[in-house]
Amino acid sequence: MQSVPRIPVSIIIPNYNYARFLKRSIDSALEQDYADVEVIVVDDASQDNSTTIMKSYGDRILACPRAQNGGHAAAFNTGFAASSGKIVLFLDADDFLYPTAISRIVDTWDAATAQVQSRLHIIDERQRIKDVFPPPELPFDSGDVMPKLLHKGRYQTTVTSGLAFDRSTLESIMPIPEPEFRQGADGYLATLAPLYGHVQSIDECLGAYRIHGANHSVFGEKLAERARWRVTHDFRRMQALSDHASGIGLTIVPSEAVRHDPVHLEERLASLCADKRQHPVANDSRLALGAAGAVASLEMTASLRRRAVLAAWFLSVGVLPRKMATAVLSWKLDASSRPAFLSRLSKTIRHAMG
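This is the structure:
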């Protein structure tokens, strides 16, 4: 009986000043129960002892130190250029994989696959499990997601450490533009990958996504700053999607697509409520965004109850006094900002909505 050849896999760990988490991340990559894995660690000019940790692994990893800090996209580009795997997974240095992660991804792979995505446990700085991302009640989009992507500019996916990509797909969309995606390079990749193949989903947690003290606060100027970044990031993703889609004979109108995207519209509302003077979209109004968000919510592939609750939420944020609307947005966008009773209530509501 002829053995099936193994698919070579590259795990690329981009790191910047995460020495306190880096060993756990590297160890998780080296401890996979799948044999054909290369581990590449890109240090983006860290100022802590990250390079010392990397050197301690010798030739068990391929170390790629960068002379100058370039950000997320630059580290991704450096790591990919050094890699050789047919399947490529970018693992954030503060996250880690479970031992069977790569085996599960390879088992899911087929000839049409451009991307495999999985859920992740959300953990805190001390590795205590707090939740699941994306929440279990939000079903992944799978298969040919291109129609949905072209309609609204987004589909249900996940973050960096829950994504694995086909090498030929990455060769079609990389290098990632570095100034535009200094942060959020995973959003660029996950947006463009479905143009070149199918998305396969694994509805279980294959690793841990760490939320820790470096996360943004959501109050005052920080809420506005975070929302502005996300709105701008969405427009950059949409421009990249439009450029690549036109190259293969497809069309997307970014300004129209984002009006069908509830996630984008709630960030637009947050930016407008928290700091109207620096809001990046001229002529936006809370009432118009709230109405657009309500319509977009009703278009979602979710239970009628969930769609109705979200539509009502958008309408309320559109008409509430600004300070109250800002607080409501904060509570939704960052769980850490919620009063304790509201956190308990929100989990109950989340599960009840299905």
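For the sequence shown, the numbering used here assigns the number -9 to the initial residue and increments by one for each residue that follows.
Idealized CB from N, CA, C, for every residue including glycine.
Buried or exposed: which applies to residue i, given that a residue is buried once 16 or more other Cβ atoms fall within 10 Å of its Cβ?
i, result
"residue 147", "buried"
"residue 243", "exposed"
"residue 34", "buried"
"residue 294", "exposed"
"residue 142", "buried"
"residue 302", "exposed"
"residue 247", "buried"
"residue 312", "exposed"
"residue 208", "With a pLDDT of 33 at residue 208, under the threshold of 50, the modelled position of that residue is not reliable, and the figure given next carries that caveat. Buried."
"residue -4", "exposed"
"residue 177", "buried"
"residue 184", "buried"
"residue 48", "exposed"
"residue 154", "buried"
"residue 245", "exposed"
"residue 291", "exposed"
"residue 17", "exposed"
"residue 15", "buried"
"residue 25", "exposed"
"residue 233", "exposed"
Please report how far the alpha carbon of residue i lies from the alpha carbon of residue j, in whole angstroms.
i, j, result
"residue 309", "residue 23", "54 angstroms"
"residue 241", "residue 132", "21 angstroms"
"residue 277", "residue 305", "8 angstroms"
"residue 37", "residue 138", "42 angstroms"
"residue 253", "residue 282", "11 angstroms"
"residue 19", "residue 261", "38 angstroms"
"residue 320", "residue 101", "43 angstroms"
"residue 76", "residue 104", "11 angstroms"
"residue 124", "residue 150", "12 angstroms"
"residue 9", "residue 297", "42 angstroms"
"residue 249", "residue 255", "7 angstroms"
"residue 266", "residue 51", "48 angstroms"
"residue 314", "residue 238", "46 angstroms"
"residue 53", "residue 171", "23 angstroms"
"residue 258", "residue 227", "15 angstroms"
"residue 157", "residue 40", "28 angstroms"
"residue 73", "residue 30", "7 angstroms"
"residue 42", "residue 12", "11 angstroms"
"residue 144", "residue 21", "33 angstroms"
"residue 263", "residue 322", "14 angstroms"
"residue 0", "residue 224", "28 angstroms"
"residue 210", "residue 61", "Here residue 210 scores only 45 on pLDDT, less than 50, and its place in the model should not be relied on; the value that follows carries that caveat. Rounded to the nearest angstrom, the two C-alpha atoms are 26 angstroms apart."
"residue 287", "residue 180", "22 angstroms"
"residue 99", "residue 87", "18 angstroms"
"residue 213", "residue 285", "24 angstroms"
"residue -9", "residue 140", "Legend: pLDDT at residue -9 = 40, less than 50; position of this residue unreliable, value from coordinates given subsequently. Taking the straight line joining both Cα atoms gives about 45 angstroms."
"residue 162", "residue 173", "20 angstroms"
"residue 251", "residue 152", "22 angstroms"
"residue 27", "residue -2", "6 angstroms"
"residue 318", "residue 307", "7 angstroms"
"residue 230", "residue 236", "10 angstroms"
Under DSSP, the beta strand (DSSP E) around residue i begins and ends at which residues?
i, result
"residue 168", "Looking at the DSSP string, residue 168 is not in any beta strand (DSSP E), and its letter there is neither H nor E."
"residue 352", "Absent from the structure is residue 352, since the part of the chain shown begins at -9 and ends at 344."
"residue 261", "Residue 261 -> not in any beta strand (DSSP E); alpha helix (DSSP H) instead, spanning 252 to 264."
"residue 130", "Counting along the chain, residue 130 falls outside any beta strand (DSSP E), and DSSP gives it neither H nor E."
"residue 33", "27 to 33"
"residue 42", "Segment 40 to 45 is the alpha helix (DSSP H) holding residue 42; no beta strand (DSSP E) there."
"residue 110", "103 to 113"
"residue 200", "188 to 200"
"residue 16", "Careful: residue 16 lies outside any beta strand (DSSP E), inside the alpha helix (DSSP H) at 9 to 20."
"residue 5", "-1 to 5"
"residue 121", "119 to 123"
"residue 126", "Premise fails: residue 126 is in no beta strand (DSSP E) and is neither H nor E."
"residue 52", "52 to 55"
Hey, would you say the C-beta of residue i is under 7 angstroms away from at least one heavy atom of the ligand NAD?
i, result
"residue 191", "The ligand NAD is absent from the structure shown, which contains no ligands of any kind."
If I follow the unbroken alpha helix (DSSP H) through residue i, where does it start and stop?
i, result
"residue 316", "312 to 323"
"residue 248", "Premise fails: residue 248 is in no alpha helix (DSSP H) and is neither H nor E."
"residue 305", "294 to 309"
At least 3 beta-carbon pairs within less than 8 angstroms: the region 129 to 144 vs the region 50 to 68: At 8 angstroms Cβ cutoff, the stretches do not touch.
Take every Cβ of the region 77 to 93, pair it with every Cβ of the region 4 to 12, and state whether three or more of those distances are shorter than 8 angstroms. The answer is yes - the region 4 to 12 touches the region 77 to 93, with three or more Cβ pairs under 8 angstroms.
Taking contact to mean 3 or more Cβ pairs, one atom from each stretch, closer than 8 angstroms, check whether the region 213 to 226 and the region 114 to 128 are in contact. Between the region 213 to 226 and the region 114 to 128, the count of C-beta pairs closer than 8 angstroms stays below three; the two stretches do not touch.
Alpha helix (DSSP H) runs contained entirely in the region 138 to 177, provided each spans 4 or more residues: You should have 157 to 163.
Pairing CB atoms from the region 93 to 113 with CB atoms from the region 192 to 202, are three or more of them under 8 angstroms? Touching, per the Cβ criterion.
With a cut-off of 8 angstroms, do at least 3 Cβ pairs link the region 90 to 99 to the region 184 to 195? Contact between the region 90 to 99 and the region 184 to 195 is present, with at least three C-beta pairs closer than 8 angstroms.
Just checking, does the region 100 to 108 make contact with the region 65 to 74 on the three C-beta pairs under 8 angstroms criterion? Between the region 100 to 108 and the region 65 to 74, the count of Cβ pairs shorter than 8 angstroms is below three; the stretches do not touch.
Is there contact here, the region 153 to 168 with the region 256 to 275, by at least three beta-carbon pairs under 8 angstroms? Contact fails between the region 153 to 168 and the region 256 to 275, because fewer than three Cβ pairs, one in each stretch, are under 8 angstroms apart.
Report the residue ranges of all beta strand (DSSP E) runs contained in full by the region 70 to 94; include only those spanning at least 3 residues, in chain order. Whole beta strand (DSSP E) segments, 3+ residues: 77 to 80.
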